[in-house]
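Undergrad: Numbering (my numbering), first residue to last: 100 to 638.
1. For the beta strand (DSSP E) containing residue 506, name the first residue and the last one.
2. Whose CA, out of 366, 140, 346, lies closest to the CA of residue 293?
3. From this set, 207, 325, 181, 152, which residue's C-alpha is nearest residue 612's C-alpha?
4. Can you check DSSP and say which residues form a bridge with residue 311?
5. Might you give, ordered along the chain, the residues of its own chain that have their beta carbon closer than 6 Å to the beta carbon of residue 200, omitting 5 neighbours on each side?
6. With burial defined as no fewer than 16 other Cβ atoms inside 10 Å of the residue's Cβ, what is the status of residue 128: buried or exposed?
7. Give me the Cα-Cα distance between residue 103 and residue 531, rounded to the nearest whole angstrom.
8. Quick one: residues in its chain with C-beta nearer than 8 Å to the C-beta of residue 636, no 5 flanking neighbours on either side, listed in chain order?
9. Going by beta carbon distance, what residues of the same chain come within less than 8 Å of residue 430, once the five residues before and after it are set aside?
10. Quick check on DSSP: helix, strand or coil for residue 488?
11. What does the alpha-carbon distance come out to for the pair residue 259 and residue 470?
12. If you pair each beta-carbon of the region 303 to 314 with each one of the region 363 to 383, do three or more pairs fall below 8 Å?
13. If we count Cβ pairs, one from each stretch, closer than 8 Å, do we get three or more for the region 576 to 583 versus the region 326 to 334?
14. Drop a sphere of 10 angstroms on the beta-carbon of residue 247, count the other beta-carbons inside from all chains shown, and report buried for 16 or more, exposed for fewer.
15. When DSSP builds the beta bridges, which residues end up paired with residue 333?
16. Looking at residue 313: is its Cβ nearer than 7 Å to the Cβ of residue 632?
17. Write down the C-beta distance between residue 141 and residue 181 rounded to the nearest angstrom, noting that I regard them as a contact closer than 8 Å.
18. Going by other Cβ atoms of all chains shown within 10 Å of its Cβ, with 16 needed for buried, is residue 387 buried or exposed?
19. By the DSSP assignment, the alpha helix (DSSP H) with residue 537 in it spans what residues?
20. Find the nearest neighbour of residue 403 within the set 227, 166, 564, 557, judged by alpha-carbon distance.
21. Exposed or buried, which one is residue 213 when buried takes at least 16 other CB atoms within 10 Å?
22. Could you tell me the boundaries of the alpha helix (DSSP H) in which residue 424 lies?
23. Straight-line CA distance for residue 282 to residue 203?
24. Identify the continuous beta strand (DSSP E) that holds residue 475 and give its terminal residues.
25. Which ranges would you report for the beta strand (DSSP E) in the region 244 to 304 if only whole runs of at least 3 residues count?
26. In whole angstroms, what separates the C-alpha of residue 629 from that of residue 271?
27. Quick one: residues in its chain with C-beta nearer than 6 Å to the C-beta of residue 453, no 5 flanking neighbours on either side, listed in chain order?
28. Between the Cα of residue 321 and those of 615, 623, 596, spot the shortest distance and give me the residue it belongs to.
29. Could you check where the beta strand (DSSP E) with residue 643 kicks off and where it finishes?
30. Using the Cβ count rule (16 or more neighbours within 10 Å means buried), how would you classify residue 235?
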């Protein structure tokens, strides 16, 4: 949630490490001696250092077959290992060690030989094979990114996608709107549908069409194909004029949308599902409804959502009171937190995959950025209103949602233990934004029956997980021990995507089958714009 990955924070961690090293000179001497021994072994060809399995930076055969590149790579690995050893042996507390490890990893990953032309055999081959044309294209790509992407290498070919052409294609229409959201109803694709509607609550941090990405990769398409009545919220992208929007604003707007869904379908209640900050908004809404003793939500699905910044989260490592205050001042001065700023934070949390990978592809190899729908959505960023941004920071740092009565929503105190509807809670094993153990911990804050499911993917890949992937699997355990590790130790791995398991879970909580509606909307809430609506197109 930070507005930027502060170089002051990174520098502070490096200075603390340097200070500890200066006070323990023998530690530095020992690490230097170990490095010199390893470099000597590299020089005479006796080093056994090798890249980790799956390290794409060293996939070219030259790193094994060419003596120069083999020694070059091993020398780099030896240097990286020495720095890691220094951090590991330095007398630091656990949190400072985590920060130092992250700061050192940024340094070592940036200085990988594969990020340079001379140190990348594949890029050199490409230059020779193209007669230098790849370098010319790489320079053009870099100049374009300097002008239009604030110097970050582009992750996706933005010209390859367009809403309504190859993204967000499931038929539907906007049937309700207010200043905060548009409500989209999707056309049924079966003769009968479940009576209870499903309402998707997307994160405010990104646009809603991650749930309707592309044919074959759309959660909306999957659900309507299973006979669900599906509605989706599309949040308006706030500007500085909406700087005062907060959780009350979003929960109030969502309540209006639910009332429209109830009026259109005739159902007394709904099922909700959302992800990330959208799931947090759902939690706040359900806590408010529990305090009011209103049963508007029958069942809820919360995907990749945590309620606090735990120590296992990279986002939480540099969350200090000073950093939080600086982030709030920055967004308050601008009125919003820009989506590009958030995107850079998330990219630098995994720089090899999300920065240097594209650096090599775009600049050294001279290739265009890839055309990938999920990356297009990820880069189609939104803004956060300043007040909502500050509130999210307070919610995370103070665990306000997880603590009964600590947070007020629309005049009521939220106690998630009073939220007793059935819940399906999804996490991802390799999620670096909302680590799965944090999601498991968040599940324990709710009352009622909770089904926790662990997907074998990352943050967004856990969501976009259509059936039929032979590499996909997920884990189930009907019990809910206090420890996430205990849960996983006894969990049963299941093949394929969790989508099918979830759709069956939803079907049992979605009421009887009725004839599918012949038209969208109602007299009170008629269809206006075709899906995906207008709010999603606003920049």
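For each residue, glycine too, the CB sits at the ideal point set by N, CA and C.
TA: In short, the structure shows the following:
1. Residue 506 -> no beta strand (DSSP E), and no H or E assigned at all.
2. 366
3. 325
4. 317
5. 186
6. exposed
7. With a pLDDT of only 44 at residue 103, under 50, the local geometry of the prediction cannot be trusted, and the value read off the model is given with reservation. Those two C-alpha atoms are separated by around 17 Å.
8. 262
9. 102, 436, 483, 485, 488, 489
10. helix
11. 6 Å
12. yes
13. no
14. exposed
15. 281
16. no
17. Incorrect: roughly 12 Å between the Cβ atoms, too far for contact.
18. buried
19. 535 to 542
20. 557
21. buried
22. 420 to 433
23. 46 Å
24. Where residue 475 is concerned, there is no enclosing beta strand (DSSP E), although the alpha helix (DSSP H) it sits in stretches over 472 to 478.
25. 271 to 276, 280 to 285, 291 to 293, 297 to 300
26. 6 Å
27. 446
28. 596
29. Outside the modelled stretch of the chain, which goes from 100 to 638, sits residue 643, for which no answer is possible.
30. exposed
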